[in-house]
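Novice: Below you'll find the structure I mean.
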Amino acid sequence: MEGENTLEVWGVGTTRTLRVHWMLHELGIDYETHRIQSRTGETQTAEYLALNPKGKIPTLVDGDLVLSESAAIMQHLRRTRPVLPYDDYQASDAGRAAYDEWLSFILMELDATSLYVVRRHKDLPAIYGEAPNAVASSCEYFSKMLRAVEDRIAGREYLWGSCFSELDIHMTISLLWAAVVGIEVLPLFGDYQARMTERPAYRAAYDHNFQ
Ligand SMILES: N[C@@H](CCC(=O)N[C@@H](CS)C(=O)NCC(=O)O)C(=O)O
449 MEGENTLEVW GVGTTRTLRV HWMLHELGID YETHRIQSRT GETQTAEYLA LNPKGKIPTL
509 VDGDLVLSES AAIMQHLRRT RPVLPYDDYQ ASDAGRAAYD EWLSFILMEL DATSLYVVRR
569 HKDLPAIYGE APNAVASSCE YFSKMLRAVE DRIAGREYLW GSCFSELDIH MTISLLWAAV
629 VGIEVLPLFG DYQARMTERP AYRAAYDHNF Q
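Take any residue in the sequence shown, count from 1 to its spot, add 448: that is its number in this note's numbering.
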């Protein structure tokens, strides 16, 4: 990797932290990792809460800037490191509007409304409680939402514009997570996911995040 080692990432071991590590590996930037993990107490220490009062991972420290929220972190990294330039469409008003639409859709409809409900009530019932109806309806909702964007993905190499972007990270990780919780997706999405997870940066980031 190239560049000065001025970046720090707090957090490993979850799909949210994987987003950030994947982006950094795509950009080929050196950084330091603080390998704290969720639900270990490590996100609740005084030192960490001073950095991120939400007590959540990931957090990025970029010089004087401290940033939480994986989506904001990825966008900041891409904007400030000229490694993965925006294509003409991505830089256009229409392209930016489409970016916002995709990001809202993935984070709200696929992640928060669907996958995170399943995660909380199927995988972590001791913390969040049992809610089998919510789990079942969230899985159905995820599939319905994905079907709604099928036409916009068919025949495309990348989700947005003509080159890889952080939206591909968001979508791929949603698809991976859907597979983990047992949601079947159309072959089209499986093919897209397979292409994305063949990327060397994904593989390196995955190992780094889950080692
Ligand atoms: N919206 C935040 C969500 C971050 C989040 O929920 N992180 C979880 C792990 S996936 C966490 O840190 N939980 C705190 C804990 O369990 O200690 C993001 O995308 O960065």
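Glycine included, each C-beta is placed from N, C-alpha and C at the ideal position. Treat the numbers as computed from the prediction; the structure is a model and nothing was measured.
Would you kindly report the start and end of the unbroken alpha helix (DSSP H) that includes Val-633?
Specialist: One-based indexing of the sequence shown puts residue 633 at position 185. Where Val-633 is concerned, there is no enclosing alpha helix (DSSP H), given that its DSSP letter is neither H nor E.
Novice: Does Trp-458 come out as helix, strand or coil in the three-state DSSP assignment?
Specialist: In the sequence shown, the residue the question calls residue 458 occupies position 10. Residue state, collapsed to three classes: strand.
Novice: By a C-beta neighbour count over all protein chains shown, 10 Å radius and 16 as the cutoff for buried, is Met-556 buried or exposed?
Specialist: In the sequence shown, the residue the question calls residue 556 occupies position 108. Answer is exposed; the Cβ neighbour count stays below 16.
Novice: Could you check whether the Cβ of Ala-622 sits closer than 7 Å to any heavy atom belonging to ligand 1?
Specialist: Counting from 1 along the sequence shown, the entry for residue 622 is found at position 174. Contrary to the premise, residue 622 reads as Ser rather than Ala in this sequence. No, the beta carbon of Ser-622 sits no closer than 7 Å to any heavy atom of ligand 1.
Novice: On the three-state DSSP scale, how would you describe Ile-505?
Specialist: Your numbering for residue 505 matches position 57 in the sequence shown. Three-state DSSP puts Ile-505 in coil, outside helix and strand.
Novice: Considering only heavy atoms of ligand 1, does any lie closer than 7 Å to the CB of Ile-617?
Specialist: For the purposes of this step, residue 617 is identified with residue 169 of the sequence shown, where counting begins at 1. Answer for Ile-617: no, Cβ out of range of ligand 1.
Novice: Would DSSP call Glu-646 helix, strand or coil?
Specialist: Working through the sequence shown from its first residue, we reach residue 646 at position 198. The answer is coil: DSSP assigns Glu-646 none of H, G, I, E or B.
Novice: Okay, do the segment 501-512 and the segment 453-470 touch, 3+ Cβ pairs below 8 Å being the bar?
Specialist: With the cut-off at 8 Å, the segment 501-512 and the segment 453-470 touch.
Novice: By how many angstroms is the C-alpha of Gly-511 removed from the C-alpha of Leu-455?
Specialist: Locating residue 455 in the sequence shown gives position 7, counting from the first residue. Locating residue 511 in the sequence shown gives position 63, counting from the first residue. Whole-angstrom Cα-Cα distance: 7 Å.
Novice: With a Cβ-Cβ cutoff of 8 Å, do Leu-636 and Glu-598 count as a contact?
Specialist: Sequence index remark: in the sequence shown, residue 636 carries index 188 (1-based). Sequence index remark: in the sequence shown, residue 598 carries index 150 (1-based). In contact: Leu-636 and Glu-598 (Cβ atoms closer than 8 Å).
Novice: Are there any heavy atoms of ligand 1 lying less than 7 Å away from the beta-carbon of Thr-493, as far as the coordinates show?
Specialist: Walking along the sequence shown from the start, residue 493 turns up at place 45. Thr-493: no, Cβ never under 7 Å from ligand 1.
Novice: Would you call the segment 535-542 in contact with the segment 485-501, where contact means no fewer than 3 C-beta pairs closer than 8 Å?
Specialist: No, because fewer than three Cβ pairs between the segment 535-542 and the segment 485-501 fall closer than 8 Å, the two stretches do not touch.
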